[in-house]
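Each remark here refers to the structure printed beneath this line.
Numbering (our numbering), first residue to last: 125 to 328.
Have a look at this one:
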């Protein structure tokens with residue numbers, strides 16, 4: 125029996141959310157993105173047949189480095205990351221010192237840091253220090269863990285602690301990158317076309 129295939133249009137539709145949310149990682153604007161990935165993205169192809177885009181196929185199509193922090197029955201919690209940007213983020217002196225106090229290995233490789241994060245994720249609901257990995261300012265991650273009074277901000281993506289300027293700058297940057305990615309996705313002919321266009325816009 126012939127297995128129903130997914131054409132470019134349906135592949136683009138099924139992957140749309142993930143493509144947009146990982147655009148900032150692909151462009152080097154953000155070190156990583158934490159997303160829940162379903163094990164099957166179901167749709168109907170041009171012939172009216174039900175098709176499923178599976179998790180492993182999604183990883184291959186996206187072509188990004190990733191680590192699965194939690195694998196559950198129907199979905200997985202996945203950290204997609206830019207190796208160079210994430211390594212640089214974790215190596216920033218303040219971040220490195222703070223993560224070391226949280227039990228992360230000092231002067232460790234990126235692989236070792238991610239392995240430690242995955243172990244932590246397996247032992248609790250979600251380790252809050254993942255905020256450092258996905259590009260939140262250290263002051264906001266540390267402030268949240270210390271239960272400090274939050275700084276009121278209008279429509280903030282995450283809770284802000286202390287001065288809001290850097291936090292808001294990053295929020296605007298990430299939001300603008302996603303907004304641009306949505307426009308590129310709408311105009312692209314398929315997933316490969318989108319990835320090529322976004323990759324050409326990598327941050328300097």
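We treat Cβ as the ideally placed atom computed from N, Cα and C, and that holds for glycine.
Which residues in the same chain as residue i place their Cβ atom closer than 7 Å to its Cβ, once the five residues preceding and following it in sequence are excluded?
i: residue 295; result: 280 and 281
i: residue 224; result: 230
i: residue 262; result: 218, 219, 222 and 256
i: residue 146; result: 157, 186, 188 and 204
Suppose the cutoff is 8 Å on Cβ atoms and the five residues either side in sequence are ignored; what does the same chain contact list for residue i look like?
i: residue 245; result: 193, 194, 201, 251 and 254
i: residue 312; result: 136, 318 and 321
How would you label residue i, buried or exposed, when you count the other beta carbons within 10 angstroms and need 16 or more for buried?
i: residue 323; result: exposed
i: residue 328; result: Because the pLDDT at residue 328 is just 44, under 50, the model does not fix this residue reliably, and the value given afterwards should be weighed accordingly. Looking at its Cβ environment, which holds fewer than 16 other Cβ atoms inside 10 Å, residue 328 is exposed.
i: residue 150; result: buried
i: residue 172; result: exposed
i: residue 131; result: exposed
i: residue 264; result: buried
Would residue i and residue j be called neighbours here (beta carbons separated by less than 8 Å)?
i: residue 167; j: residue 208; result: no
i: residue 156; j: residue 205; result: yes
i: residue 140; j: residue 309; result: yes
i: residue 285; j: residue 267; result: yes
i: residue 210; j: residue 177; result: no
i: residue 182; j: residue 161; result: yes
i: residue 302; j: residue 148; result: yes
i: residue 259; j: residue 213; result: yes
i: residue 153; j: residue 297; result: yes
i: residue 142; j: residue 159; result: yes
Enumerate in chain order the residues of its own chain whose CB-to-CB distance from residue i is below 6 Å, with the five nearest sequence positions on each side excluded.
i: residue 271; result: none
i: residue 127; result: Residue confidence for residue 127 is low, a pLDDT of 45 falling below 50, so the modelled location carries little weight and cannot support an answer.
i: residue 306; result: 144
Exercise for the section: Could you pull out every unbroken beta strand (DSSP E) segment of at least 3 residues lying fully inside the region 150 to 229, listed in chain order? Expected result: 156 to 162, 164 to 168, 174 to 178, 189 to 195 and 199 to 205
Handout entry: Any alpha helix (DSSP H) of 4 or more consecutive residues that is wholly inside the region 220 to 294
Key = 234 to 247, 254 to 257 and 262 to 269
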